[in-house]
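K.L.:
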Amino acid sequence: MLELRLVQGSLLKKVLEAIKELVTDANFDCSATGFSLQAMDSSHVALVALLLRSEGFEHYRCDRNLSMGMNLNNVSKMLRCAGNDDIITLKADDGSDTVTFMFESPNQDKIADFEMKLMDIDSEHLGIPEAEYHAIVKMPSAEFARICKDLSSIGDTVVISVTKEGVKFSTRGDIGNANIVCRQNTTVDKPEEATIIEMQEPVSLTFALRYMNSFTKATPLSNTVTISLSSELPVVVEYKVADMGYIRFYLAPKIED
Amino acid sequence: WVLQKHILSFFELE
Numbered sequence: 010m011l012e013l014r015l016v017q018g019s020l021l022k023k024v025l026e027a028i029k030e031l032v033t034d035a036n037f038d039c040s041a042t043g044f045s046l047q048a049m050d051s052s053h054v055a056l057v058a059l060l061l062r063s064e065g066f067e068h069y070r071c072d073r074n075l076s077m078g079m080n081l082n083n084v085s086k087m088l089r090c091a092g093n094d095d096i097i098t099l100k101a102d103d104g105s106d107t108v109t110f111m112f113e114s115p116n117q118d119k120i121a122d123f124e125m126k127l128m129d130i131d132s133e134h135l136g137i138p139e140a141e142y143h144a145i146v147k148m149p150s151a152e153f154a155r156i157c158k159d160l161s162s163i164g165d166t167v168v169i170s171v172t173k174e175g176v177k178f179s180t181r182g183d184i185g186n187a188n189i190v191c192r193q194n195t196t197v198d199k200p201e202e203a204t205i206i207e208m209q210e211p212v213s214l215t216f217a218l219r220y221m222n223s224f225t226k227a228t229p230l231s232n233t234v235t236i237s238l239s240s241e242l243p244v245v246v247e248y249k250v251a252d253m254g255y256i257r258f259y260l261a262p263k264i265e266d
Numbered sequence: 009w010v011l012q013k014h015i016l017s018f019f020e021l022e
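Here it is as structure tokens:
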């Protein structure tokens, strides 16, 4: 028996909008720790890892570990039927091949349930070790989204370079090239408007802008984004999901050969 | 010539 009640149902709506472009089908795993997902995009270039910790739910019942295969486009269709202020409850019986999404309006005057068929998905689970990153950049998520969008009108790839001067996003294409430098800036009115750069050593990596733009679909989830870079590893683009978890996007770099 | 690396070349299957 599985029953997860999320008072801030809009978070789940935003999570689906954030990942459905990148991943088509995925297994949602439910355990005592929380509700999680790990999936690669179809090209196996990017990976998304979602965790919504059990403590973040108003009610969390998961009698035994359960993996539910879902088509994310179909989940998104279901969740779009929930109001932004609705409380969302996920329910599944042991051995059932369906999951039920229950939507309750805040004043309890409307209750809807949508039952969706589950699917069998063969998914590969990757071990992601804890890593030391050469540079970690925390910046406003809207600013990062703007930069990715602007650069993708010029080129297909972005070079992200972190030095003591700041973080530089560069691209080049047929019509020309572009460089955007963001310097550390902590003298702002609100902490979420700050750009904070922690650098152990300079790093410069090249990534496909198409994927970066896809990651920025998570922007409505969080005012800030954290970009962790290491010359030996995929970049991690992380958006917090309120105080209950995160979405982490991993993207393999392009390497000059 | 730029090569797009594969995520599986960094992380191992569990």
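Just so you know, the protein sequences line up as chains A and Z, in that order.
Take any residue in the first sequence, count from 1 to its spot, add 9: that is its number in the working numbering.
Take any residue in the second sequence, count from 1 to its spot, add 8: that is its number in the working numbering.
Glycine included, C-beta positions come from ideal geometry on N, C-alpha and C.
1) Just verifying my parser: in three-state terms, what is the DSSP assignment at A:I137?
2) Strictly below 7 Å CB to CB, what residues from chain Z border A:A35?
3) Could you name each continuous beta strand (DSSP E) segment of 3 residues or more that falls completely within the stretch 133 to 201 of chain A, going from the start of the chain to the end?
4) Residues in the same chain with beta-carbon distance under 6 Å from A:G229, minus the five sequence neighbours each way, listed in chain order, please.
5) Between A:L61, A:A187 and A:L81, which lies nearest to A:L25 when the distance is taken from Cα to Cα?
6) In angstroms, rounded to a whole number, what distance separates the CA positions of A:C157 and A:M87?
7) Rounded to whole angstroms, what's the CA-CA distance from A:C71 to A:L99? Just pull it up for me.
8) Thinking just about the alpha-carbon of each residue, which of A:E210, A:D106, A:F112 and A:I256 is nearest to the one in A:S240?
9) Would you list, in sequence order, the uninterrupted beta strand (DSSP E) runs of no fewer than 3 residues that lie entirely inside the stretch 28 to 105 of chain A?
10) Please report whether the beta-carbon of A:I264 lies at a distance below 7 Å from any beta-carbon of chain Z.
11) Given a limit of 9 Å on CB to CB distance, which residues of the stretch 135 to 161 of chain A reach chain Z?
12) Does the stretch 197 to 208 of chain A come within contact of the stretch 145 to 165 of chain A, defined as at least 3 CB pairs closer than 8 Å?
13) Determine, for A:A261, whether the minimum Cβ-Cβ distance to residues of chain Z falls below 7 Å.
14) Can you find a C-beta in chain Z that's less than 7 Å from the C-beta of A:L214?
P.N.:
If we stick to the structure as given:
1) Looking up residue 137 of chain A in the first sequence gives position 128. Reduced to three states, the DSSP call for A:I137 is coil.
2) Translated into the one-based positions of the first sequence, residue 35 of chain A becomes position 26. Near A:A35 there are no residues of chain Z at all, since even the closest Cβ is about 15 Å away, more than 7 Å.
3) 144 to 149, 166 to 172, 175 to 182 and 185 to 191
4) Counting from 1 along the first sequence, the entry for residue 229 of chain A is found at position 220. Here residue 229 of chain A is Pro; the residue named in the question, Gly, does not match the sequence. Cβ neighbours of A:P229 beyond the five flanking positions: K23.
5) For this step, residue 25 of chain A is matched to residue 16 along the first sequence. A:L25 has its Cα closest to that of A:L81, out of A:L61, A:A187 and A:L81.
6) As a working mapping, residue 157 of chain A is identified with position 148 in the first sequence. As a working mapping, residue 87 of chain A is identified with position 78 in the first sequence. For A:C157 and A:M87, the distance between alpha carbons rounds to 30 Å.
7) To locate residue 71 of chain A, count along the first sequence from 1; it is residue 62. To locate residue 99 of chain A, count along the first sequence from 1; it is residue 90. Going from the Cα of A:C71 to the Cα of A:L99 covers about 11 Å.
8) Translated into the one-based positions of the first sequence, residue 240 of chain A becomes position 231. Ranking the options by Cα distance to A:S240, first place goes to A:E210.
9) 34 to 39, 43 to 49, 55 to 62, 68 to 71, 75 to 80 and 96 to 101
10) Here the question's residue 264 of chain A lines up with position 255 in the first sequence. Interface annotation, A:I264: in contact with chain Z, CB-CB separation under 7 Å.
11) Flagged, chain order: L135, G136, I137 and P138.
12) yes
13) By 1-based counting over the first sequence, the position of residue 261 of chain A is 252. Closer than 7 Å to some Cβ of chain Z, the Cβ of A:A261 qualifies, so yes.
14) Here residue 214 of chain A corresponds to residue number 205 of the first sequence, with the count starting at 1. Not closer than 7 Å to any Cβ of chain Z, the Cβ of A:L214 fails to qualify, so no.
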